[in-house]
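Trainee:
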């Protein structure tokens, strides 16, 4: 009964550097291409969108990138985040496996997203930027950037996917409490938005459209930059503080994980927990199983094509090589908005191609079943996105039980579900159904991939 | 920039005893009376409602009550909770005061309520109880007991005030996720409920009515006990773990608070932070200012009468001497459901009469203003109830600024507001108004107090 449950790092042991996996890769990731010339983009091409420090991080090959002290100082509000041994879940499952979770829901916004929002807001502030535009689907990212903007005195404008804007007023209230402005997307404020509304005034919106609008605002306003909450190299870089803390905390616990698990939408929380462990391996350490868990309704890693594609619907972004379902692919409306994106982070995609990570896809009802089981054992109600990682961990723990193996499983519990209780309501009422994607729509979206001859 | 922000206690330093302030009081609190005989109740009178261990805690005069190891083991899921130095808020206010907050929102249910829910569920389980009935207003208590029931295998039935049941479906979803059953109160399941529905089928309910229903179910079913989330001595006792941790954490920080602040509805989170500090003083330590902050719309400590009264509307409970607005008083519908109760904990009331604590009342718009200021500085969006404590702390910090004094202020941030964003929405939209109580209604409610000749 007295076994230690939580492992806290002292603030003095919070990482001082982000870990850049590019430095340790056996092969570099393919270059990002200009959508017009199909030639590799240079820093200047990205300058309208991002401050130069972030662009340099995007293309950096340095293993360690220093975390600025003012950023670390904000992190102290909630970091280092706890590592928790899931004793009670292990007991309920009857598994000989040891299950640990790194809990990112302790951040003020309730997820891992502030790890990069704070960093991005700070670099923008240092570059003299006063306004940032961004998009949000479920609202986790928008509220995190709103929080960051409040701390660094930057105006934040969030294009929120209309269906989420209408259905999730509480996320909007959170963004507004932090002082941000929310606009339902598609909106009348951009050419991209107006073009879509002209065809369908009641368009429910999508993440790809909202990205187009936010990018357009930044590209056409000198005083405004753009921020993205996942996918890009520098965003994944900022999340590596998660895994670096976990490495120290597992040392405190006297354990070494055999399996590391994260859910994947754009790939950032997965990269955050996984890359530091992969780095140990790439520098000669032992091999661990690294598992990305994605939604079966939007399975970019398991069913997408590894190809150059756009990051948005209006094709304003550069081309990146990634696992993609096609930029016109519209995922079904399952309840994990943070995972409803057609592409996967280029770095995560590259690692998958190199055979360094595994991927698996689950449908939502079994994910919610896992989430409820977790809540009744460990107390925390996970976000719908995080339920994918929970199910990944339970699946491995049950395999361990069947095989009589006492493996050590670590997963990233990327956020709590207190803003997502309507989806739990639907699940408890038996109204949640699995939502497969449309095979013919996927085929059509993939047939429209841009042609790139490398 | 590098000053320490969070102070974490190691799990090994989590308190092993609750602190019972009754042992140190200069005068004992007045006895609880039987509503029929008006004579002091004995343990047997309470036996239909509570397991004997909790009844013995209710009447205990022992200074230290051991926390059972299985209860401490559950606490390890989130306790010890962090003490945080509000560096950024201090800077925004420009105050020379030091502000610390003890953050109870890290619990799985998002508030301090699980501190007693876990203990109560465990003692019930040890007594062989299979079912517990309770009431909830805002939902914080109901979801906490639901969580506790899930961990100890006890069926929990929650009578949720109808207006909250209808307006806060996400709280209900949380209770159901933990496996509890929710019923809108007034309901057809009890005599108390049916009597009210007969007069008004659309009655919005009240905490007093919901208590009557939950008590009736326990009193009339041998297999069911009742649990209350505040007010009673044993509930306040269970919350003292908050202040005991804070004492150790402030020692780590090298500070000693001049002022200790908590919001008060029934009084339990206030008692939790305040009683251990008061105990130091009562045993010969230095005097500190201890401030209870209550809603101006339901001001039991500042405007109520110190008298014997019922805890519920149907008059099923014993009579306790407390600051009361009268058991028939209906507070206006301001957005801090956890503070909308006509009475105050007898122990807190007794301390007020002894001159050991101060009390102040604030209206809701200024509390939300303080909450938004806090969120934009410290990140955490407080629960509407906790905003009262935030405003109390800001008020004292601004006084320190005016007087040029560098006092140390500690307040209890009893919960986060992620389930209360609709009230922030209303505040941001300028739709929140102050809600004074009706003076004539108060006068009428007070005129109906039961007559007790001690």
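Chains as they are written, first to last, in our numbering: chain A, 616 to 1069; chain B, 616 to 1069. Where is the CB? At the ideal position from N, CA and C, for every residue including glycine.
Return the first residue and the last residue of the alpha helix (DSSP H) that residue 731 (chain B) is part of.
Mentor: Here the alpha helix (DSSP H) through residue 731 (chain B) covers 729 to 741.
Trainee: Counting only beta-carbon separations shorter than 9 Å, does residue 637 (chain B) have a partner in chain A?
Mentor: No, no contact with chain A.
Trainee: From residue 779 (chain B) to residue 867 (chain A), what distance separates their C-alpha atoms?
Mentor: Taking the straight line joining both Cα atoms gives about 44 Å.
Trainee: How would you call residue 899 (chain B), buried or exposed, if buried means at least 16 neighbouring beta carbons within 10 angstroms?
Mentor: Exposed is the call here.
Trainee: At 3 residues or longer, what runs of the beta strand (DSSP E) sit wholly inside the region 947 to 986 of chain A?
Mentor: Entirely contained in the region 947 to 986 of chain A, the beta strand (DSSP E) runs reaching 3 residues are, in chain order, 973 to 977.
Trainee: Could you list which residues in chain B have their beta carbon closer than 7 Å to that of residue 991 (chain A), in chain order?
Mentor: Within chain B, the residues near residue 991 (chain A) are 765, 793, 794.
Trainee: Tell me where the alpha helix (DSSP H) around residue 936 (chain A) begins and ends.
Mentor: Per DSSP, residue 936 (chain A) belongs to no alpha helix (DSSP H); it is in the beta strand (DSSP E), 934 to 939.
Trainee: With a threshold of 8 Å (Cβ to nearest heavy atom), would residue 643 (chain A) be considered close to the ligand SAM?
Mentor: No copy of the ligand SAM occurs in the structure displayed, which carries no ligand at all.
Trainee: Spell out whether any CB of chain B is found under 9 Å from the CB atom of residue 840 (chain A).
Mentor: By this cut-off, residue 840 (chain A) is not an interface position.
Trainee: So, under 8 Å CB-CB, residue 801 (chain A) and residue 808 (chain A) are touching, yes? Tell me the CB distance rounded to an integer number of Å.
Mentor: The Cβ separation is near 4 Å, so the contact holds.
Trainee: When you check each C-beta in the region 718 to 746 of chain B against every C-beta of chain D, which residues fall closer than 7 Å?
Mentor: In the displayed structure, chain D is absent; the protein chains listed are A and B.
Trainee: Since I believe residue 792 (chain B) is in contact with residue 990 (chain A) (beta carbons under 8 Å), could you give me their beta-carbon distance rounded to a whole number of angstroms?
Mentor: That pair is a contact at about 5 Å.
Trainee: Considering only C-alpha positions, which residue in the set B:631, B:916, B:959, B:653 is nearest to residue 857 (chain B)?
Mentor: Selected option, being the one with the closest Cα: B:631.
Trainee: For residue 890 (chain B), which of helix, strand or coil comes out of DSSP?
Mentor: Here residue 890 (chain B) sits in helix by DSSP.
Trainee: Could you give the uninterrupted runs of the beta strand (DSSP E) lying entirely in the region 758 to 836 of chain A, keeping only those of 3 residues or more?
Mentor: Here the runs fully enclosed are 770 to 776, 796 to 800.
Trainee: Taking the runs of the beta strand (DSSP E) that are 3 residues or longer, which of them lie wholly in the region 866 to 918 of chain B?
Mentor: Here the runs fully enclosed are 874 to 878, 904 to 910.
Trainee: For residue 636 (chain B), which option in B:875, B:918, B:962, B:684 has the closest C-alpha, if you only look at C-alpha atoms?
Mentor: If we check each option's Cα against that of residue 636 (chain B), B:962 comes out closest.
Trainee: Counting beta carbon pairs with one atom in the region 976 to 986 of chain A and one in the region 637 to 653 of chain B, are three or more of them shorter than 8 Å?
Mentor: Result no; under three Cβ-Cβ pairs closer than 8 Å.
Trainee: Given that a residue counts as buried once 16 or more other Cβ atoms are within 10 Å of its Cβ, and exposed if not, what is residue 969 (chain B)?
Mentor: Looking at its Cβ environment, which holds fewer than 16 other Cβ atoms inside 10 Å, residue 969 (chain B) is exposed.
Trainee: Does residue 805 (chain B) pass the burial test, meaning 16 or more other C-beta atoms within 10 Å, or should it be called exposed?
Mentor: Per the 10 Å Cβ criterion, buried.
Trainee: Cutting at 6 Å between CB atoms, please list the residues of its own chain near residue 796 (chain A), excluding the five before and the five after it.
Mentor: 772.
Trainee: Can you list, in chain order, the residues of the region 618 to 638 of chain B whose Cβ is nearer than 7 Å to any Cβ on chain A?
Mentor: Flagged, chain order: 619, 620, 621, 623, 626.
Trainee: Kindly provide the ranges of any beta strand (DSSP E) runs that are 3 or more residues long and lie completely inside the region 661 to 739 of chain B, ordered along the chain.
Mentor: DSSP runs (the beta strand (DSSP E)) wholly in the region 661 to 739 of chain B: 679 to 681, 698 to 700, 713 to 718.
Trainee: Buried or exposed: which applies to residue 1048 (chain B), given that a residue is buried once 16 or more other Cβ atoms fall within 10 Å of its Cβ?
Mentor: Residue 1048 (chain B) comes out exposed.
Trainee: Quick check on residue 1021 (chain A): does DSSP put it in helix, strand or coil?
Mentor: Residue 1021 (chain A): coil per DSSP, three-state reduction.
Trainee: Rounded to whole angstroms, what's the CA-CA distance from residue 895 (chain A) to residue 972 (chain A)? Just pull it up for me.
Mentor: Answer to the nearest angstrom: the Cα atoms are 14 Å apart.
Trainee: Checking contacts by CB at 9 Å: is residue 675 (chain A) closer than that to chain B?
Mentor: No, residue 675 (chain A) does not count as interfacial toward chain B.
Trainee: Return the bridge partner residues of residue 1007 (chain B) from the DSSP annotation.
Mentor: DSSP, once it has assigned bridges, lists no residue as partnering residue 1007 (chain B).
Trainee: What does DSSP give as the partner residue(s) for residue 923 (chain A) in the beta ladder?
Mentor: Looking at the DSSP assignment, residue 923 (chain A) forms a beta bridge with A:936.
Trainee: Whole angstroms are fine: how far does the CA of residue 910 (chain A) sit from the CA of residue 1052 (chain A)?
Mentor: About 10 Å.
Trainee: Write down the C-beta distance between residue 827 (chain A) and residue 929 (chain A) rounded to the nearest angstrom, noting that I regard them as a contact closer than 8 Å.
Mentor: At roughly 4 Å, the Cβ-Cβ gap stays under 8 Å, so residue 827 (chain A) and residue 929 (chain A) are in contact.
Trainee: Quick one: what's got a C-beta closer than 6 Å to residue 708 (chain A)'s C-beta in the same chain, skipping five residues either side?
Mentor: Excluding residues within five positions, the ones whose Cβ falls inside 6 Å are 1012.
Trainee: Check whether the Cβ atoms of residue 767 (chain B) and residue 750 (chain B) sit closer than 9 Å, and answer yes or no.
Mentor: No, the Cβ-Cβ distance between residue 767 (chain B) and residue 750 (chain B) is not below 9 Å.
Trainee: So is residue 715 (chain A) in contact with chain B if we call contact Cβ pairs under 9 Å?
Mentor: No, residue 715 (chain A) lies away from the interface with chain B (no Cβ there is under 9 Å from its Cβ).
Trainee: Which bits of chain B does residue 1150 (chain A) rub up against, with CB to CB less than 7 Å?
Mentor: Since the first residue shown for chain A is 616 and the last is 1069, residue 1150 (chain A) is missing from the structure and cannot be characterised.
Trainee: Using DSSP bridges, identify the partner residues of residue 633 (chain B).
Mentor: Residue 633 (chain B) pairs with B:680.
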